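All remarks here apply to the structure that follows.
Residue numbers (the numbering used here): 1 to 739.
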């Protein structure tokens, strides 16, 4: 296993000492108010560092060794491995204090909405008007309707036909998994936990596609000593699973991963399904951080030369895709068995002993395994340093701010009247300037926010109504080039009748649109939305900075300020709105319904209108009489074109509606909520100076001996801050561009 060496215990010590420093400061009237702000700040740092994990995705096709890699990486038999499909849902793994599995189940509304969508797009003869909008799989009659649809689809359309497969498999899993999960699924999303002795039960859920249909997320927490708490590793499903809908789930996780480990079986090398999947990953721009492992099956290969030949072929195939691979050849199972020799079965122990006799191959595998671990560690460490950098930098800003206050308090407690009066005047100026700036914020914020809203609205209009980036134009051009193998479709759906053949044409069209959106459209939309969110963050950061000028007059404590706070450590730059937290609180989500192909009754009518009554009669007769020489391929091609053109019109409306909804129901609420958060944060900061002015009056009435006692405490606190800053310094000195 790769051990990530990080000074995590030092970070914990820093946070604990910082908390103690702030608690001490709280006992000094006026030095640290309101105290809750700092306590909340430290809690948020801990939460942020716990949640902002480096995500490692382990991917590949079925039987490539993904689950074995995870087990070998963690040094224990954690996820199920074996032949066939053993991972039915992406399983996330994090460090925990004890073995615990958390399975988050979908809500009944989410489950029913997905199944209802299948029913509404089914051929007319399957549903016969029985599908209502209040479909609920919990009702016996609705399950019978679903069963009827499943039987019709499997009888009429071959399960291996790509167009119909998603519905076939999803419906089958929904029906077969219902009895097992019906008592666990609730109206809202729920979490089921397995701990201690029940922990192993999670494998029954992650390896069972019927149960996995009802699951939204699985996360395992395990007490692995060398697993860094800032790392999450995910065992993904096979990219060539018989359930094509899994592909979108895998790619969804990859979008937010920091690193990928791609497993390839040495028994097969790169398969066609590998090539297809890697092309999609490349098209989405996700190949920047990826390691390839040629998982050597030592039972399969006679000599080291055989292994090297396979490795060379894999490297050549990857180069054909324009990939310069970091490729490592070693046996994942050998590593795994070697990690847990006392826990493997007698049969596996014999396999291990047999492999160890192949000294050349084992030596080569060990060498490449060590090389991989070193490269893997370097890559992780680079990401890890940046993960720690931001919260430590923010903590240093707060401590520097507190140091500035301490210097003023030292003068406030001085025996020299001039220094005492200077400190008193500085505190009074703090209060007056804060009050003026608070008024300025109140008067100008609304107009400033309106300007931001108009700016975002302009970008949305350019993107979705003027098609500035050519998203709509590109998909229209793509659709114009889409063609169908009509003869193949006729063979597939010949027994289903005319409606069945048209349905198959539509499903093939829908499949191609979905893949195009996944590969070409979603990355562009994600980039656009990220740009607008960055505009929102930058706007409020700049606004906060502009409102912080002259809180400390130039002629008072200017030298002190310059000495304590460097340019990049000004408290003014501390505010950074956390849009992630704000979105969670608001519950805002991106709009749905973009480029969703439709086969409505209106479209069916228009398609049918292209056929005369005589043509339809001849078509039906030809289906029954195989000796008929009448060709209806041109007519079906015309129907396919009609389906495309009707959906092109729908797509334009969907694209514009997506832009409207994005602006109205996503960006506007986000800006309004961030503005409220901004006002609260600035108000808190202004209140600090008001409280400071009110609370420090008592110090002027103290006896000199009492002042000396407070001064000793404050100076002791300053020394603690200096030592704390020495511990923080290595973390905030990390170059920003470090990889």
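The C-beta atom is built at its ideal place from N, Cα and C for all residues, glycine as well.
Just so we're clear, the structure is a prediction, and the values are computed from it rather than from any experiment.
Within 7 Å, strictly: CB atoms of residue i and residue j
i	j	result
residue 405	residue 31	yes
residue 363	residue 456	no
residue 330	residue 369	yes
residue 355	residue 332	no
residue 326	residue 291	yes
residue 462	residue 468	yes
residue 53	residue 232	yes
residue 753	residue 199	Here the chain comprises residues numbered 1 to 739, so residue 753 is not present and cannot be evaluated.
residue 742	residue 286	Nothing in the structure corresponds to residue 742, since the chain is present only between 1 and 739.
residue 607	residue 637	no
residue 205	residue 60	no
residue 464	residue 667	no
residue 234	residue 90	yes
residue 95	residue 227	yes
residue 639	residue 502	yes
Where the alpha helix (DSSP H) containing residue i begins and where it ends
i	result
residue 252	246–255
residue 476	471–481
residue 67	66–74
residue 484	Here residue 484 belongs to no alpha helix (DSSP H), and DSSP marks it neither H nor E.
residue 651	633–662
residue 337	332–339
residue 28	From DSSP, residue 28 is part of no alpha helix (DSSP H); its letter is neither H nor E.
residue 312	304–320
residue 354	346–356
residue 275	272–283
residue 591	Careful: residue 591 lies outside any alpha helix (DSSP H) and carries neither H nor E.
residue 239	Per DSSP, residue 239 belongs to no alpha helix (DSSP H) and is neither H nor E.
residue 585	579–586
residue 210	209–212
residue 113	108–120
For residue i, the first and last residue of its enclosing beta strand (DSSP E)
i	result
residue 260	259–265
residue 105	100–105
residue 596	Run containing residue 596: none; DSSP gives neither H nor E here.
residue 235	231–235
residue 199	Premise fails: residue 199 is in no beta strand (DSSP E) and is neither H nor E.
With 16 other Cβ atoms within 10 Å as the buried cut-off, status of residue i
i	result
residue 191	exposed
residue 721	buried
residue 585	exposed
residue 574	The pLDDT assigned to residue 574 is 47, lower than 50, so where the model puts this residue is not dependable; a value taken from the coordinates is nonetheless given after this. Answer is buried; the Cβ neighbour count reaches 16.
residue 664	exposed
residue 563	With a pLDDT of 38 at residue 563, under the threshold of 50, the modelled position of this residue cannot be trusted; read the value that follows with caution. Classification for residue 563: exposed.
residue 507	buried
residue 577	buried
residue 551	Bear in mind that the predicted position of residue 551 carries a pLDDT of just 44, short of 50, making it too unreliable to give a figure here.
residue 162	At residue 162 the pLDDT is 45, less than 50, meaning the model places this residue with poor confidence and gives no usable figure here.
residue 283	exposed
residue 84	Residue confidence is low: residue 84 scores 48 on pLDDT, short of 50, so the model does not pin down where it sits. No coordinate-derived value is stated.
residue 184	exposed
residue 208	buried
residue 172	buried
residue 92	buried
residue 170	buried
residue 554	Residue confidence for residue 554 is low, a pLDDT of 38 falling below 50, so the modelled location carries little weight and cannot support an answer.
Identified DSSP bridge partners for residue i
i	result
residue 219	92, 102
residue 193	102
residue 673	Partner(s): none; residue 673 has no beta bridge.
residue 56	233, 259
residue 705	For residue 705, which the question treats as bridged, DSSP gives no partner whatsoever.
residue 295	265, 330
residue 290	260
If contact is defined by three or more beta carbon pairs under 8 Å, each pair taking one atom from either stretch, is the region 391–401 in contact with the region 276–292? no
Is there contact between the region 213–220 and the region 55–74, where contact requires at least three CB pairs shorter than 8 Å? no
Touch test, the region 584–598 against the region 506–525, Cβ-Cβ under 8 Å, three pairs minimum: yes
Would you check if the region 253–267 and the region 285–299 touch, i.e. whether three or more CB-CB distances between them fall below 8 Å? yes
Given 8 Å, three or more beta-carbon pairs between the region 217–226 and the region 95–115: yes
Any chance the region 444–453 sits against the region 665–677, with 3 or more Cβ pairs inside 8 Å? yes
Say whether the region 133–143 touches the region 53–69, bearing in mind that this needs 3 or more beta-carbon pairs closer than 8 Å, one atom from each stretch. no
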